[in-house]
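Take a look at the structure below.
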Amino acid sequence: MTGDILTLNAGSSSVKVAVFHPDCRDGTARMTAKIAGIGRAPVFSAHDRAGQTLASGQLEKLAPSSSHEDVMALLLEWLEGQLDGQTLSVVGHRVVHGGTRFSQPIRITEAILQDLNALAPLAPLHQPHNLAAIRAVAKWRPELTQIACFDTGFHRTQDRMATLFALPRALSEEGIIRYGFHGLSYDYIASVLPDQIGTAADGRVIVAHLGNGASMCAMQNRKSVATSMGFTALDGLMMGRRCGALDPGVVLYLLQSKGMEPAEIEALLYKQSGLLGVSGISNNMKVLEDSDAPGAHEAIDLYTYRAASTLAGLVPALGGLETIVFTAGIGENSARVRRAICDRLQWLGVELDSRANDANAIKISSAASAVDVLVLPTNEEAVIAAACRTLMDPSNA
Ligand code: ADP
Numbered sequence: 003m004t005g006d007i008l009t010l011n012a013g014s015s016s017v018k019v020a021v022f023h024p025d026c027r028d029g030t031a032r033m034t035a036k037i038a039g040i041g042r043a044p045v046f047s048a049h050d051r052a053g054q055t056l057a058s059g060q061l062e063k064l065a066p067s068s069s070h071e072d073v074m075a076l077l078l079e080w081l082e083g084q085l086d087g088q089t090l091s092v093v094g095h096r097v098v099h100g101g102t103r104f105s106q107p108i109r110i111t112e113a114i115l116q117d118l119n120a121l122a123p124l125a126p127l128h129q130p131h132n133l134a135a136i137r138a139v140a141k142w143r144p145e146l147t148q149i150a151c152f153d154t155g156f157h158r159t160q161d162r163m164a165t166l167f168a169l170p171r172a173l174s175e176e177g178i179i180r181y182g183f184h185g186l187s188y189d190y191i192a193s194v195l196p197d198q199i200g201t202a203a204d205g206r207v208i209v210a211h212l213g214n215g216a217s218m219c220a221m222q223n224r225k226s227v228a229t230s231m232g233f234t235a236l237d238g239l240m241m242g243r244r245c246g247a248l249d250p251g252v253v254l255y256l257l258q259s260k261g262m263e264p265a266e267i268e269a270l271l272y273k274q275s276g277l278l279g280v281s282g283i284s285n286n287m288k289v290l291e292d293s294d295a296p297g298a299h300e301a302i303d304l305y306t307y308r309a310a311s312t313l314a315g316l317v318p319a320l321g322g323l324e325t326i327v328f329t330a331g332i333g334e335n336s337a338r339v340r341r342a343i344c345d346r347l348q349w350l351g352v353e354l355d356s357r358a359n360d361a362n363a364i365k366i367s368s369a370a371s372a373v374d375v376l377v378l379p380t381n382e383e384a385v386i387a388a389a390c391r392t393l394m395d396p397s398n399a
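If you're matching positions, the sequence shown starts at 3 in the working numbering and goes up one per residue.
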């Protein structure tokens with residue numbers, strides 16, 4: 003493979019692209035670009051290999067009302083200028099849901115696209131955008147091979163007990179099970195963990211991916227044993243806008259007693275809840291941390307209380323715990339959130355080193371802590387690029 007690898011991560015409110023040299027194995031992209039805040043106040047940012055900000059004047063067409071489609075078109079137009087004649091060989095996509103059929107990265111065909119489209123109701127905030135990005139690239143450069151990498155894939159190693167709901171067997175058999183998400187992020191953390199803690203990486207580890215979306219994964223031998231997200235990316239932790247785990251009776255009450263329509267309930271649970279709903283201020287943790295409003299404090303307290311409870315709830319799946327890893331925007335940057343979660347886990351022997359935690363150091367637990375606590379940046383794009391390299395390698399054909 004001679005051309006570069008393009009990775010595309012089209013999320014619910016952001017689109018991220020990265021360009022990798024075909025031989026780059028250290029996970030560092032030649033350049034990255036992101037448009038965040040789609041649908042409200044979109045913001046463009048782009049960085050070169052060294053992390054320096056690239057000029058962003060090319061996106062003057064980015065309006066507050068820009069749709070995902072507009073944003074994709076603008077990003078591809080911007081990219082065209084940046085590539086400056088450099089060739090691309092392959093485009094790798096983050097696709098949130100692979101259902102029961104897709105776990106390994108796969109070359110996308112029209113038939114596969116149709117199958118993935120059928121899974122859209124299981125990830126209504128993500129899957130349609132992921133698939134729209136694939137279609138946009140097919141229109142932009144029809145000759146390029148496109149590869150789908152699945153967020154559900156990493157969790158296919160979960161024990162059956164961790165995947166079953168206590169629902170009638172026939173429903174489990176038709177695929178109403180706990181799939182789990184954020185697999186590309188967990189895959190990346192699993193791949194770099196031995197560099198940090200050696201053979202302890204194969205021990206009992208819980209990774210907390212705390213970004214706009216948030217979940218936790220219990221790993222042993224660097225494989226998923228259990229995870230906090232379930233059938234959809236709505237379950238588990240409280241998130242920026244999503245409610246996380248909820249008594250299903252609340253949904254019945256909203257339907258039957260308050261007469262809400264399914265679409266209204268979907269919007270409530272996916273877009274108006276979480277940090278935003280509880281604080282009444284913002285879905286953005288940094289904004290809440292900087293606020294003195296009681297609602298902001300309560301939202302952070304609920305977020306950290308529920309995170310600690312969920313983490314503790316994953317320990318039985320491992321039979322103990324040696325390492326906690328915090329990652330993603332909040333996990334990597336918020337000393338306050340990590341402190342509040344770990345303070346509630348002191349009974350497990352978790353003890354932080356305050357200075358290391360405040361400095362976002364790699365190891366933030368004290369020497370006396372019974373559990374090592376790390377902060378590691380995630381890199382979903384590196385996992386997608388690696389999958390592209392593997393699938394494009396003729397020796398794997
Ligand atoms: P996404 O899931 O969209 O990739 P990120 O992983 O970038 O999101 O995480 C975004 C979250 O990280 C936001 O809530 C943001 O406020 C939070 N965040 C980023 N930097 C900080 C910081 N320095 N302190 C607290 N929160 C932060």
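Glycine included, every Cβ here is placed at the ideal spot set by N, Cα and C. Bear in mind that the values here come from a model prediction, so they are computed numbers and not experimental data.
Over the uninterrupted alpha helix (DSSP H) stretch that includes residue i, give me the two end residues.
i: N132; result: 129–142
i: Q84; result: 70–85
i: R346; result: Note, R346: premise wrong, no alpha helix (DSSP H); not H, not E.
i: L290; result: 287–291
Using the C-alpha atoms, what's the distance from residue j back to residue i?
i: V17; j: V375; result: 30 Å
i: R32; j: S47; result: 15 Å
i: R42; j: S67; result: 7 Å
i: Q160; j: L323; result: 17 Å
i: G155; j: D303; result: 32 Å
i: D345; j: C219; result: 20 Å
i: S356; j: V98; result: 36 Å
i: L127; j: I267; result: 13 Å
i: M241; j: S397; result: 42 Å
i: Q88; j: R391; result: 17 Å
i: L115; j: P107; result: 13 Å
i: V194; j: Q84; result: 30 Å
i: R27; j: D197; result: 15 Å
i: V352; j: Q258; result: 44 Å
i: S226; j: L350; result: 21 Å
i: L347; j: A192; result: 23 Å
i: G29; j: W80; result: 22 Å
i: G1; j: G101; result: Residue coverage of the chain in this structure runs from 3 to 399, which leaves residue 1 outside it and unanswerable.
i: A38; j: S15; result: 6 Å
i: S69; j: V377; result: 34 Å
i: K36; j: V139; result: 16 Å
i: A361; j: I208; result: 21 Å
So, helix, strand or coil for residue i, using DSSP?
i: A172; result: helix
i: N381; result: coil
i: H184; result: coil
i: V207; result: strand
i: R42; result: coil
i: R51; result: coil
i: L64; result: coil
i: M163; result: helix
i: V352; result: coil
i: I326; result: strand
i: L302; result: Looking at the sequence provided, one finds Ile at residue 302 rather than Leu. DSSP places I302 in helix when its eight states are reduced to three.
i: I37; result: strand
i: V373; result: coil
i: T30; result: coil
i: G101; result: coil
i: Q274; result: coil
i: G279; result: helix
i: P24; result: coil
i: S193; result: helix
i: L56; result: coil
i: S397; result: helix
i: P1; result: Only positions 3 to 399 of the chain appear in this structure, which leaves residue 1 out of reach.
i: T234; result: coil
i: D117; result: helix
Going by DSSP, what residues sit across from residue i in a beta bridge?
i: R96; result: C151
i: R244; result: In DSSP, R244 forms no bridge with anything.
i: L10; result: V19, H95
i: K260; result: Beta-bridge pairing links K260 to no other residue.
i: R109; result: I149
i: L90; result: D6
i: K365; result: L376
i: L212; result: A216
Would you mind giving the Cβ-Cβ distance between residue i and residue j, rounded to the nearest angstrom? I have them listed as a contact below 8 Å.
i: G213; j: I326; result: That belief does not hold up - the Cβ atoms of G213 and I326 are roughly 17 Å apart, past 8 Å.
i: M262; j: L271; result: Their Cβ separation, rounded to whole angstroms, is 11 Å, which puts M262 and L271 out of contact at 8 Å.
i: T2; j: M394; result: The shown model of the chain, from 3 to 399, leaves out residue 2, and the question about it has no answer.
i: H95; j: L186; result: With 8 Å as the limit, H95 and L186 do not qualify as a contact, their Cβ atoms being about 10 Å apart.
i: I136; j: A389; result: Actually they do not touch by this definition, with Cβ atoms about 15 Å apart.
i: R308; j: G246; result: 7 Å
i: T229; j: L124; result: About 15 Å; that fails the 8 Å criterion.
Would you mind reading off the limits of the beta strand (DSSP E) that contains residue i?
i: M218; result: 216–222
i: T229; result: 225–229
Determine, for residue i, whether the minimum Cβ-Cβ distance to residues of chain B falls below 8 Å.
i: I114; result: Checking the listed chains, one finds no chain B in this structure; it contains a single protein chain.
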